[in-house]
């Protein structure tokens, strides 16, 4: 099993006291599968994604990725996980503004020591970024920036791709194109895809879906 | 991984060259400032050493004949053969140049590796060919002699071999004094057994001028640390900014899987690289600035930096080392906080730049409390501080407290102004200025410290100069000093001089004790020289009148402090009772001193007759008088000392320091101005959203630009108003606390409003210059950029 | 007057003055011309005839000259000590002169070497004023309070430094001996030479005043007399000089002049117990460094293999205290040695040109 999440709890301290964001989540995802995670704002779906991506740690529960419990990892271990095994596509793209597009795409693969120029070339080509390679992120449109971010995430060929509202900052037409490309390439790499979205249309394009309500799966 | 990360980190600078420039320039300027202060310190030392040399200081004990006359050369041989390691010295005057004859083979001193010049002819020097070493100016007065130009020679002095000096001065077979080498054989017969006619005189290293200049050096050192603090503020600002701006990138890097430790190490390495690079530029810059600003002290600088054979300036390795260490240390100090915050920064913090956010209420409270505590500590220390640590703690508390308090003070002032504002524009201006304050506060603190340092150091240096001049006037007030061999010659001198000079002032003293303190009591002749030149720390009405009248006594500060004596107290000399009428500064004198009238002195110490005399006469007549004295009264010129001339020389040497200090003031302000420029440029991009509404509501971009300029000047004015009292407090602490702690006497503090006004204008100019470019850029912001603020595109 | 300012000038002059001492050093420092050019000075010639006591006195018409005494001493507790007393004369011009302008400069070096310490003192003086000098009859050599005086059958000797002093009596047990050809000692293939004789047969006794207290010592001493005007050729960079006393009474003086081409010029004198000498030309004597040691001044060989095959000498010479570096204006190594091998004994070693 690629991903297996068991009885995850997470509570944040807020101005109004403790707030339980996640209250016992279980889910499983196999390689090659796609899964949509939907829910209202504040339902805890982004938090769950962050926990799976090793960006945050759960208070309780187990997250196994390829048989390894990532909750038990230290900072270095989680960094290694983010570098190679798991790729995250953010809503805000999070490109490095001072690097050219080509370097942004190659960046994570280089970090993970998985740099394959042919694959990066293929990604750029498939994402329609060939003309933009020597530009800086600020010179690109939002859709182009997200395509760069997706290419960057896929460059080290992660086994698990996490996407957090990847098209949330894009208009509908652009969003559809970007989505097509992402699904296509993820399928080609054989990775599992877990996508957080509040768009019913996007969720519908995934093989399965889970709905989160008040920190629990509905 | 490392390569990719470095590429990502360094590309930031490539894309933001202005930021890189400000960071490097900040570091370089701070280092240059430090180097500059070091140069001033070294220059000051060199100047005072030369001045002290002209005033006859020495660092070795000497042997002299008890009667002050030259000794026979055979005495020297006797001493040497008895195992006394002494070296002979002959001195006298030739063409108004002081000739010092030495024996290089026995003279003590650290004889290190010395470059062998082509010009020095050892055979000639030692075998009586007559080489003299003197500076260029002195050389001109030594016509007919073989002079080798030596810049390090004191003004008006020439050094030569003892044999040559004996011949030139007509002192064959005679020696004036013997220098005693510091290291002597383990056993030697006592002096009384071999040369009872000789007297051992202790080294004068701890005497008047030496002590006075030690104090000045200490204060300059304090100033060096202060300027370093200014530099650190700037470096801190530059580094803090660089980290803030890269916060989002750092977050992204970590999200993409870069371990935190690696990131910190790489960013640290990057800073080390920058510090070394900028430090190197700074050292070179300090050197260039010093060389450009101080052409007249280039010789000294050459000594400081080391010189190669061709005479061009060269940077010494130790100079590089010190400059680079300062750059590295300063960077480490300034960056440690930023790196620490980075390491504690949560991975999932809000993505938008925290920027130079408004100081949160809590921070302001902490800062205010810190300032209050430090300033309270400073006030307590002002009254209680003892010792050097106390003195420097006071300085630190004062400066840091004031710097922390500055943003809060400015905030209150701006709030008050805002309340008073009538027009909408004015209201907006005040509140907007207030809002900008946090972003500018570091730069303003740097400006505060720079100005305070300048006020402090100007006050300290100028006070010191006034004191020094007064002291010289007081002690070297006569145009000519003559020593006599005995009472007969004294009478001859008096008889000869009376019709020819304005006044004869005998210098006579007796060793005694007052209030249990060893004291030299002087008998002074009633003359306006004393009334004109002596300045009292405290005195009763007409102290000289009562003293010359025989009722009162004048004592020095040391005697007053140690003996617990004050004005109006009684002291007793034998059976005579005197009231203390005045206490005078006697800088550096280790023992007590007192002055009574000549008549009283003669009554108390009838056995003592004056063998030194100060003569008042027209300075132009001095050479003629000296010649006539020799020709007609048989008192040789070697027994006279043209002190007025020596005074003039030492003052001239002294002046250099002030040139350098002025140059340094300008440099410090330039650095502070740079800090302002940097902060304004950084704020400029963040300013657009704040200014856009004002623009939308009908203010032109030109108006906004002018207001930006006005704002910078206004903040500088407000900062200057805080800096002035801070600088004065600083000067006071240096003169009245640190100095007393270090040397036991207080340097009087004088105020120089003209200097402060000039400094204030410089500071405003620096601030205005710094604000000019950002304001111009703002005035030219394309309307499209302003419009963007209102669109969702942004 | 400003002592600091004077120091600067003094430093320059002193540096120049020292160039005139120890021409070997001068050569080593690249001032070969100074050391080898006679410039009006007298030059040693072969087949000399010496007149005593006159020749115990100075020869101002020659550029350099020395009275060089070394001694191997033993305390009552068996601790070995070494002692040096040296007076150098260096002339700026070939005349005696009088007063400060006399062109004769004097330099004294004194040292006491213990197994773990090396005490050094140095004195400098001008000739012509009485501070230092040598007179032949009655013999006295002095600089400041240091003195070597007597009739050469017996001599009294004193010297002092900041941390030591000594007071010694010497008694000659044999005749003077003459090196090279009757005292004409050739120093290079090019023919540079000096006058050189020794009194190697002194018994010595006296007291060393050291920081740890007074030490009564006895032993043997070797006094060298040498003068010349051009003792070195251009390509010679320093020398290694051995004075060895073997058990049984034979003695060996040998020196090795280092050349820039890596070759050496050697010379030796074999001395029998009754004072008969055999002089050996270049190549007969050899000295090979075995072990070097880093001293405060330079890296020097402190163990040598010394050979004189003609006399079946093949010995290892080792420094008693490897740190016997002379921290004088012109630095060099000088200290007592022990001899082991075909012959057993002790002696003194001087090495220059290593700093």
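Chains as they are written, first to last, in the working numbering: chain R, 5 to 222; chain B, 99 to 892; chain P, -10 to 344.
Just so you know, even glycine gets a beta-carbon here, dropped at the ideal spot from N, CA and C.
In this structure the segment 67 to 81 of chain R does not touch the segment 119 to 136 of chain R; the number of beta carbon pairs closer than 8 Å is below three. Residue state for residue 118 of chain P is assigned as coil, using DSSP reduced to three classes. Residue 188 of chain P is classed as buried because its beta carbon has at least 16 other beta carbons within 10 Å across all chains shown. Excluding five sequence positions before and after residue 504 of chain B, the CB atoms of its chain that fall closer than 8 Å to its own CB belong to 539, 542, 543, 546, 817 and 820, given in chain order. With 16 or more other CB atoms across the displayed protein chains lying within 10 angstroms of its CB, residue 174 of chain B is buried.
Taking the beta carbon of residue 260 of chain B as reference, the chain P residues within 8 Å of it are 89, listed in sequence order. Secondary structure at residue 52 of chain P: coil, using DSSP grouped into helix, strand and coil. Excluding sequence positions up to five before and after residue 340 of chain P, its CB lies within less than 6 Å of the CB of 229, 289 and 322, all in the same chain and listed in chain order. Bounds of the alpha helix (DSSP H) holding residue 800 of chain B are 799 to 830. Annotation: the continuous alpha helix (DSSP H) that includes residue 151 of chain R extends over 146 to 158.
The alpha carbon of residue 294 of chain B has as its nearest neighbour, out of B:265, B:169 and B:359, the alpha carbon of B:169. In this structure, B:423 is the residue among B:423, B:593, B:765 and B:330 with its C-alpha nearest to the C-alpha of residue 375 of chain B.
Counting along the chain, residue 637 of chain B sits inside the beta strand (DSSP E) bounded by residues 634 to 637.
Annotated as proximal: residue 162 of chain R and residue 91 of chain R, with beta-carbon spacing under 9 Å. Leaving aside the five residues that flank residue 814 of chain B on each side, the residues in its chain whose CB is nearer than 7 Å to its CB run, in chain order, 545, 861, 862 and 865. The beta carbon of residue 225 of chain P does not come within 9 Å of any beta carbon belonging to chain B, so the residue lies off that interface. In the DSSP assignment, residue 138 of chain P falls within the unbroken beta strand (DSSP E) covering 135 to 139. B:696 is the residue among B:604, B:602, B:696 and B:660 whose C-alpha sits nearest the C-alpha of residue 644 of chain B. Residue burial is scored here from C-beta neighbours: residue 628 of chain B has at least 16 other C-beta atoms within 10 angstroms and is therefore classed as buried.
Just so you know, the alpha carbons of residue 32 of chain R and residue 7 of chain R end up roughly 5 Å apart. Residues are counted here when their Cβ sits less than 9 Å from a Cβ of chain R; for the segment 517 to 531 of chain B the count is zero. Under the Cβ distance rule, residue 247 of chain P does not count among the residues neighbouring chain B, no pair being separated by less than 9 Å. Residues of chain B whose Cβ lies closer than 9 Å to the Cβ of residue 134 of chain P are, in chain order, 178, 179, 180, 181, 182, 283 and 286.
Residue contact with chain R for residue 103 of chain B: present (Cβ-Cβ distance below 9 Å to some residue of chain R). For residue 175 of chain B, the C-beta contacts it makes with chain P under 9 Å involve 118, 119 and 120, in order along the chain. Counting C-beta pairs with one atom in each stretch, the segment 207 to 220 of chain P and the segment 125 to 133 of chain P have fewer than three that are closer than 8 Å, which means they do not touch. In this structure, P:79 is the residue among P:79, P:144 and P:56 with its C-alpha nearest to the C-alpha of residue 50 of chain P. Around the beta carbon of residue 117 of chain R, a 10 Å sphere encloses fewer than 16 other beta carbons of the protein chains shown; the residue is thus reported as exposed. Distance from residue 867 of chain B to residue 803 of chain B at the Cβ level is roughly 15 Å; contact not present, criterion being Cβ atoms closer than 8 Å. Residue 129 of chain P is outside the set of residues whose beta carbon lies under 9 Å from a beta carbon in chain B. By the C-beta density criterion, residue 481 of chain B is exposed, having fewer than 16 other C-beta atoms within 10 angstroms. For residue 150 of chain R, there are no C-beta contacts with chain B under 8 Å, since the nearest C-beta of that chain is about 14 Å from it.
Approximately 6 Å separates the beta-carbon atoms of residue 158 of chain P and residue 145 of chain P; this is inside 8 Å, confirming the contact. For residue 377 of chain B, no chain R residue has a Cβ inside 7 Å of its Cβ, as the nearest lies near 25 Å away. Residue pairing by DSSP places residue 171 of chain R in no beta bridge whatsoever. By the neighbour-count criterion, in which a residue is buried when 16 or more other Cβ atoms sit within 10 angstroms of its Cβ, residue 800 of chain B is exposed.
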